[in-house]
Every structure is written in C-alpha cells, then in structure tokens.
Amino acid sequence: MAMCIVPLFFVVYQRDLDRCSSLAGCNIITGVEKSAHTAAQHGAIVRAFATWNDARSTTPAVADQPVRIIAAQGGGLYTAYHTAYYLAHKADTDPVFADSIFAISGVSGGSVGAAAYWAVRASEQCKDAVPPTTCHRDGVNEVLARDYLSPVVATMLFRDVPDGIIPYTAAINQRTDRGYLLENLLQKAL
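To convert, count from 1 in the sequence shown and add 155; that's my numbering.
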C-alpha cells in the first residue's frame, strides 16, 4: 500500500505546479522581479569588473590569462586548508595567477580558506618572492596550523548548551556563541 502512495504523491505534486518543479530538476525560479536594488548591485559588479579588467590589461602577461572566478565548497577546516593551500600553491608557482582572479566565492570552510589565502596575499609578505617559491604556502600554513577546533567545541559544550537551557546571553547582551568565537580567532590569526 505504501508503495502506491509515494508515486501518487509525486504525480499530484507535479500536477499542482503550473511550471517545472524543483523535483523535476529544471529549477525554474518564478515570480522574481528585478528590483532597483538588484539592478544597482548588478551595475556595481559590472563597474568593478570593468575597472579590474582595465587595470589587468595594462600588464601583458596578466592580460593573456583567463579571467578566474574561484568557487570553494564547504567542508570545515579540512576544506579551508585545502582551498587555501591550493590557491597558495598556484600563487607560488605561477606569478600571474593571483592577478587573474576576479572573484572568490566560498561556503563554510571554503570561504575561510579563501580568506586565509587572501590575507596572506594582502599582507604583501610574498611581494618580493620570485616563483617558484613556498612563501604563500608557508603563510597559509602559519595561519591554519593553529587549533581552531578545541576552543569552538569547548564553547559549544560549556557556553552554548547552558545558554540553551538558561538564556543568559540575552541578559548580558553579549554574543558568546561558537561562531562568534571562531570569527574572532580567525581575525586575530589573519
């Protein structure tokens, strides 16, 4: 009996939608109108790209490189390390790699890794290093070699759990959750 109900549910679900549903795999977004805010954001991105592309076209070695947009997946500190290390390795071995990156987008650990790499790059500690080098990789290793897990787990067990039972953080008007702690630890390391 249960075997008959499940297919029937999907048939009824599909029939009720006037367009393709997400279950069908076509992912049509309906009813989204372009607002002035969205248009302004789009214009800002177009202007930023034009400015960036004009600046990179002045250097022939960089102008010949493809435009790179990096997407880093999530996966905690494991992904953070591998994202940062990959970007650092490419920067250490290819002198124009970093200049060909227009944007980096990341989720969870990927965004932490991208931020760690970009912080090392922005510090200009590797400015005078001649590829091939290990300068960016050494900088990334220094940032991500710290223990970020233990303080976060301790905060979860000894602050977040008691705060879930008796919400004292609202009374003291101070953020003490583990996300805030991780953010502060990374900010100090970068």
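Think of the CB as a built atom: it goes at the ideal place given N, C-alpha and C, for glycine as much as any other residue.
- Taking the Cβ atoms as the reference, V298 lies roughly 17 Å from L336, outside the contact range of under 8 Å.
- Non-local beta-carbon contacts of R301 in its own chain, meaning distances under 8 Å to residues more than five positions away in sequence, involve L340 and A344 in chain order.
- Residues R292 of the same chain have their beta carbon placed closer than 7 Å to that of H244, with the five preceding and five following residues left out of the count.
- Residue environment: V295 is assigned as buried (16 or more neighbouring CB atoms within 10 Å of its CB, all protein chains considered).
- Annotation for L242: Y272 place their beta carbon closer than 6 Å to its own, counting only its chain and skipping 5 residues before and after.
- In the DSSP assignment, I320 falls within the unbroken alpha helix (DSSP H) covering V316 to I320.
- Less than 8 Å divides the Cβ of R211 from the Cβ of D254.
- By the criterion of a C-beta distance shorter than 6 Å, I259 is surrounded in its chain by I225 and A269, once the five residues flanking it on both sides are discounted.
- Of the other Cβ atoms in all chains shown, 16 or more fall within 10 Å of the Cβ of D247; this residue is therefore buried.
- With distances taken between CA atoms, A277 lies nearest to C290 out of C290, Y233 and P322.
- Shown here, F252 sits in coil according to DSSP, grouped into three states, outside any helix or strand.
- Only exposed fits G198, as fewer than 16 other CB atoms lie within 10 angstroms of its CB.
- With a cutoff of 8 Å on beta-carbon distance, V262 and Q220 are scored as not near each other.
- In the structure shown, G334 adopts helical secondary structure according to DSSP, grouped into three states.
- Across the set P317, A326, V285 and L232, the C-alpha of L232 shows the shortest separation from the C-alpha of Y303.
- Exposure of G334 is indicated by the presence of fewer than 16 other C-beta atoms within 10 angstroms of its C-beta.
- Here R301 carries a coil assignment [DSSP, helix/strand/coil].
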